[in-house]
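Numbering (the numbering used here), first residue to last: 19 to 124.
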């Protein structure tokens with residue numbers, strides 16, 4: 019008898035340099051220059067230590083991004099965000115002066 023397993027989708031942030039960061043749906047995924055950041059950015063001094071955070075809402079089955087009072091803000095598809103926003107595959111996240119990530123579900 020064969021057992022079919024539903025493959026869990028992989029959720030990643032892909033930096034403008036091509037580096038991939040796999041996101042964990044169980045924890046807040048911090049983005050920043052700080053050592054505690056899940057998505058660590060060390061080459062853009064415009065990125066705050068805790069710039070933003072990506073979280074997963076199990077009840078809604080959605081990922082969200084939120085700015086964490088960073089100096090230069092967080093942008094979603096070119097628009098600065100001031101509150102939690104839903105993420106969709108292909109969305110572009112901008113932080114710091116020039117760092118960009120593509121949010122991807124595959």
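Glycine included, each C-beta is placed from N, C-alpha and C at the ideal position.
Remember, it's a predicted structure, so these values are computed and weren't measured experimentally.
Non-local beta-carbon contacts of residue 29 in its own chain, meaning distances under 6 Å to residues more than five positions away in sequence, involve 41 and 123 in chain order. For residue 46, the CB contacts under 6 Å within the same chain, skipping 5 residues up- and downstream, are 71 and 73 in chain order. For the pair residue 69 and residue 118, the Cα-to-Cα distance works out to about 13 Å. CA-CA distance, residue 36 to residue 77, rounds to 31 Å.
According to the DSSP assignment, residue 47 belongs to the beta strand (DSSP E) that extends over 47 to 50.
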